[in-house]
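Working notes, beginning with the structure itself.
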Amino acid sequence: MTLTRMCAPYALWALHFLAIYSLQGLACARQLGRERVAGLEIMTWTMWGLTAVILAAIAWQAWRAGQIRRALLASDDAGRADHARRLFMVVLCLLGAAISALGVVFTASPLAMLQTCA
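Just remember that this note's numbering sits 5 ahead of the position in the sequence shown, which is counted from 1.
In structure tokens, the structure reads:
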């Protein structure tokens, strides 16, 4: 488990936050993607799709961390400091993925409650 992999869920959350609010601004300022398809505007569909992709990427990060955690728990290095450090980083990655997924859901929640330029 590297520091980069441990921080990946937070980076995905930040990317989602930046993309959602940038797309929202473009939709309102330039009337981009305001046509309706299946009851929602194209920009809303785009933002929902982006949210699904980001949540899938965060879930993949959590799944990978879970695999590493299971491998670490099954190994017989339990007393070593390096083993404890790796296990700690994996648990932090799992918790970070949970917090990031929650953040993405909260960032996307206005999509369900409001129109694009409300």
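A virtual CB, placed ideally from N, CA and C, is assigned to each residue, including glycine.
Practice item. Quick one: using the 10 Å Cβ neighbour count with 16 as the cut-off for buried, is Gly101 buried or exposed? Key: Here residue 101 refers to the residue found at position 96 when the sequence shown is read from its first residue. Classification of Gly101: buried, given that the 10 Å Cβ count is 16 or more.
Under 8 angstroms between C-beta atoms of Leu17 and Ile73: As a working mapping, residue 17 is identified with position 12 in the sequence shown. As a working mapping, residue 73 is identified with position 68 in the sequence shown. Cβ atoms of Leu17 and Ile73: not closer than 8 angstroms.
Check your understanding: Per DSSP, what kind of secondary structure is Leu45 in: helix, strand or coil?
Key -> One-based indexing of the sequence shown puts residue 45 at position 40. Strand, per DSSP.
Q. Is the beta carbon of Ala103 less than 8 angstroms from the beta carbon of Thr56?
A. Here residue 103 is taken as the residue at index 98 of the sequence shown, counted from 1. Here residue 56 is taken as the residue at index 51 of the sequence shown, counted from 1. Their beta carbons are not under 8 angstroms apart, which means Ala103 does not touch Thr56 by this criterion.
Point to revise | Straight-line gap, Leu119 to Met94 (C-alpha atoms, nearest Å) | key: The sequence position of residue 119 within the sequence shown is 114, counting from 1. The sequence position of residue 94 within the sequence shown is 89, counting from 1. Looking at the two C-alpha atoms, the distance is approximately 38 angstroms.
### Message
Less than 8 angstroms between C-beta atoms, sequence neighbours within five positions excluded: which residues of the same chain meet that for Leu92?
### Response
The sequence position of residue 92 within the sequence shown is 87, counting from 1. Closer than 8 angstroms at Cβ, skipping near neighbours: Arg74, Leu77 and Leu78.
**Message:** Let me check understanding here. Comparing Cα to Cα, which of Ala61, Leu28, Ala70 and Gln36 lies closest to Met52?
**Reply:** Residue 52 sits at position 47 when you count from the first residue of the sequence shown. That would be Leu28, whose Cα lies nearest to the Cα of Met52.
| task | Output the boundary residues of the alpha helix (DSSP H) element that contains Asp81. | result | Reading the sequence shown from its first residue, position 76 is the one you call residue 81. Premise fails: Asp81 is in no alpha helix (DSSP H) and is neither H nor E.
| query | How about Ala70 and Leu99: do their beta carbons lie closer than 8 angstroms? | reply | For the purposes of this step, residue 70 is taken as residue 65 along the sequence shown, with counting starting at 1. For the purposes of this step, residue 99 is taken as residue 94 along the sequence shown, with counting starting at 1. Cβ atoms of Ala70 and Leu99: closer than 8 angstroms.
Fill in: Given Ile59 as reference, the closest of Val110, Arg41, Val96 and Asp87 once Cα atoms are compared
Translated into positions along the sequence shown, residue 59 becomes position 54. Cα-wise, what sits closest to Ile59 is Val110.
- According to DSSP, is Thr51 helix, strand or coil? The residue labelled residue 51 in the question sits at position 46 within the sequence shown. Reduced to three states, the DSSP call for Thr51 is helix.
*asked:* Just to confirm my understanding: we take Trp50, look at its own chain, exclude 5 residues before and 5 after, and list those with CB closer than 7 angstroms. What are they?
replied: Within the sequence shown, the letter at position 45 stands for residue 50. Excluding sequence neighbours, Trp50 sits near Val42.
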